[in-house]
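S.K.:
In this note's numbering, the protein residues as written are 5 to 311.
Here it is in structure tokens:
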């Protein structure tokens, strides 16, 4: 596999849990993707006036080991498969001792920057891609989320669905210009970032109760796995609302389904699924939720959504 990025986790990359925030993982993943684009003969892809670029359309992330401040990291990557205008990219972050920190499988689309329509790979790019095909390691395989599940078609995702189900809007806002990429669209890592920022409005109080039931522990949370489907990317000034329902509870984990919606058109910006745990911040271990807490979670985040 090709080396795509090398750096470290800074203190300001971390959230209130003391580990690197999910938004920063995707930020580094996209930086590695830009390096990969150069290697594939597309140095223009992430430049402002480029006629074409590559964008993520479907992404699976598995968080394997925590990344703490000051820890060095290295990213490697390869291609798993290539289509006419799309490709499946594998990227991994590893700690200095070689242990896997996180793994990404990202379906990218080659698009023209004017109309944002699929654009076939050039012959030279396809030739370069042939040299970077490889197989991801077994330890990086998806576990709780199927990255190939078809999910809902874009046309069937409407803001009226969560509203009719009584699912709470847990986040909202407007896209600021500093969150845009060079082509004037919201940078993909801000999708997961805004969802992450919204979740405490749903689960902060619930997680405190779970921690209290386990012996008044210092409570936190961690995401183990994520899938994101990028349907459309907003521009500066566009509005968004985040609706979150419960996917299910299994053992120490719970699954949340997030819809990031455009309240003006009623259509989806992005949908995602996350498998998460409540975390003992001192032992850095998962806290199991008692039955009463699970019943309360089902009231807080009703089922009925999909992605």
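Yeah, the Cβ is synthetic: ideal placement off N, Cα and C, and Gly gets one too.
I'd like to check one pair, residue 128 with residue 36: are the Cβ atoms closer than 8 Å?
M.R.: No, the Cβ-Cβ distance between residue 36 and residue 128 is not below 8 Å.
S.K.: Closest by CA to residue 223, which one among 291, 152, 275?
M.R.: For residue 223, the nearest C-alpha among the options comes from 291.
S.K.: By a C-beta neighbour count over all protein chains shown, 10 Å radius and 16 as the cutoff for buried, is residue 244 buried or exposed?
M.R.: Residue 244 comes out buried.
S.K.: With burial defined as no fewer than 16 other Cβ atoms inside 10 Å of the residue's Cβ, what is the status of residue 137: buried or exposed?
M.R.: When all chains shown are included, residue 137 counts as exposed.
S.K.: Can you tell me the Cβ-Cβ gap for residue 64 and residue 151, rounded? I've got them flagged as a contact below 8 Å.
M.R.: 4 Å between Cβ atoms; contact.
S.K.: Quick one: grab the DSSP three-state call for residue 141.
M.R.: Coil, per DSSP.
S.K.: So residue 76 and residue 105 are in contact, right, with Cβ under 8 Å, and what is the actual spacing, rounded?
M.R.: With a Cβ gap of about 10 Å, residue 76 and residue 105 do not count as contacting.
S.K.: Can you tell me which of the three DSSP states residue 127 falls into?
M.R.: Residue 127 falls in the helix class under three-state DSSP.
S.K.: Tell me whether residue 307 sits in a helix, a strand or coil according to DSSP, three-state version.
M.R.: Residue 307: coil per DSSP, three-state reduction.
S.K.: With a threshold of 16 other CB atoms inside 10 Å of the CB of residue 8, please say whether the residue is buried or exposed.
M.R.: Residue 8 should be labelled buried.
S.K.: If you check the beta carbons only, do residue 174 and residue 231 fall under 8 Å apart?
M.R.: No. Outside cutoff.
S.K.: According to DSSP, is residue 27 helix, strand or coil?
M.R.: Of the three classes helix, strand and coil, the one that applies to residue 27 here is helix, per DSSP.
S.K.: In the structure shown, what three-state DSSP assignment does residue 50 receive?
M.R.: If DSSP states are grouped into helix, strand and coil, residue 50 belongs with coil.
S.K.: Can you look up residue 133 in the DSSP assignment and give me helix, strand or coil?
M.R.: Looking at residue 133 - three-state DSSP - the assignment turns out to be helix.
S.K.: Is it buried or exposed for residue 255, if we count other Cβ within 10 angstroms and need 16 for buried?
M.R.: Exposed is the call here.
S.K.: According to DSSP, what are the bridge partners of residue 62?
M.R.: Answer is 111, 233, bridged to residue 62.
S.K.: Over the uninterrupted beta strand (DSSP E) stretch that includes residue 16, give me the two end residues.
M.R.: Where residue 16 is concerned, there is no enclosing beta strand (DSSP E), given that its DSSP letter is neither H nor E.
S.K.: Since residue 90 is in the alpha helix (DSSP H), which residue starts that stretch and which ends it?
M.R.: Note, residue 90: premise wrong, no alpha helix (DSSP H); beta strand (DSSP E) at 90–99.
S.K.: Does DSSP put residue 104 in a helix, in a strand, or in coil?
M.R.: It is a strand residue.
S.K.: Quick one, which of 281, 39, 16, 276 has its alpha-carbon nearest residue 161's?
M.R.: Of the listed residues, the one whose Cα sits closest to residue 161 is 276.
S.K.: Looking at C-alpha atoms only, which residue of 88, 274, 269, 293 is the closest neighbour of residue 219?
M.R.: Answer by Cα proximity: 293.
S.K.: Got a sec? Which residues, its chain only, sit under 7 Å from residue 39 by beta carbon, not counting five neighbours each side?
M.R.: Only 8, 9 meet the Cβ criterion.
S.K.: Where do the ends of the alpha helix (DSSP H) carrying residue 212 lie?
M.R.: It spans 204–217 - the alpha helix (DSSP H) in which residue 212 sits, taken as one unbroken run.
S.K.: Please determine, among 234, 188, 300, the residue with the shortest C-alpha to C-alpha distance to residue 52.
M.R.: Looking at the Cα atoms, 188 is the closest of the given residues.
S.K.: Roughly how many whole angstroms lie between the Cα atoms of residue 31 and residue 196?
M.R.: So the alpha carbons of these two residues sit roughly 10 Å apart.
S.K.: DSSP state of residue 226, grouped into three classes?
M.R.: In this structure, residue 226 counts as strand in the three-state DSSP scheme.
S.K.: Using the Cα positions of residue 133 and residue 28, report the straight-line distance between them to the nearest angstrom.
M.R.: Distance between the alpha carbons of residue 133 and residue 28: 27 Å.
S.K.: With DSSP collapsed to three states, give me the class of residue 371.
M.R.: Here the chain has residues from 5 to 311 only, and residue 371 is not among them.
S.K.: How about the segment 55–73 and the segment 140–148: do they share at least three Cβ pairs that are nearer than 8 Å?
M.R.: A contact exists between the segment 55–73 and the segment 140–148.
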